[in-house]
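Undergrad: Using the numbering used here, you'd call the opening residue of the sequence shown number 2 and step up by one each time. Glycine residues also receive a C-beta, built at the ideal position from the N, C-alpha and C atoms. Dumping the structure here so I can ask a few things about it.
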Amino acid sequence: MNPQMVENPHTTLSVEDFAALRENLHEQRLFRQEQLQHLSDAATTRLDAAFDRQAAAQTEVRVKLAASARMVLADVEAALQRMDDGRYGACHLCRGPIARERLMIVPQARYCARCQQVREAGR
């Protein structure tokens, strides 16, 4: 992919930006993988207390945390795939560029800020 695909200075990703974003996404992927492993390990060590109310509540929290971690991990992996495919930084809805500032904050963003607002308003 050509990381300098957009001419607007608010949306242009320099080679350095692109490399930093890729590194950030790799770090996020590793963190989420480790988080899922930890949650899985914690679940297997508490099987003996499966009928205990506190254990049940902890299991419910772990299940929700794991679901959230899997969702973020999928978003991160999809962003890395878009980088590899040369589609990174383009909004999935309007196909316009995602602002550099947005990507620096949320590197796995699929939508520009405007389209993200439209999606959230439609929920």
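1) Roughly how many angstroms separate the alpha carbons of LEU14 and GLN59, rounded to a whole number?
2) Residues in the same chain with beta-carbon distance under 8 Å from VAL73, minus the five sequence neighbours each way, listed in chain order, please.
3) Among the candidates LEU104, ARG120, GLN36, whose CA atom is the shortest distance from the CA of GLY90?
4) Looking only at DSSP bridge pairs, what is ALA91 linked to?
5) Short check: CB of ARG63 to CB of LEU31, under 7 Å?
6) Going by DSSP, what residue range makes up the alpha helix (DSSP H) through CYS116?
TA: Judging by the given coordinates:
1) For the purposes of this step, residue 14 is taken as the residue at position 13 of the sequence shown. For the purposes of this step, residue 59 is taken as the residue at position 58 of the sequence shown. Each residue's Cα considered, the two are about 42 Å apart.
2) For the purposes of this step, residue 73 is taken as the residue at position 72 of the sequence shown. Around VAL73: GLN29, ARG33, GLN109.
3) Mapped onto the sequence shown, residue 90 falls at position 89. The residue with the shortest Cα to Cα distance from GLY90 is LEU104.
4) Position 90 of the sequence shown, counted from the first residue, corresponds to residue 91. DSSP lists PRO98 as partners of ALA91.
5) Here the question's residue 63 lines up with position 62 in the sequence shown. Here the question's residue 31 lines up with position 30 in the sequence shown. Not in contact: ARG63 and LEU31 (Cβ atoms no closer than 7 Å).
6) Start at 1 with the first residue of the sequence shown, and residue 116 comes out as number 115. Counting along the chain, the alpha helix (DSSP H) containing CYS116 begins and ends at 114–122.
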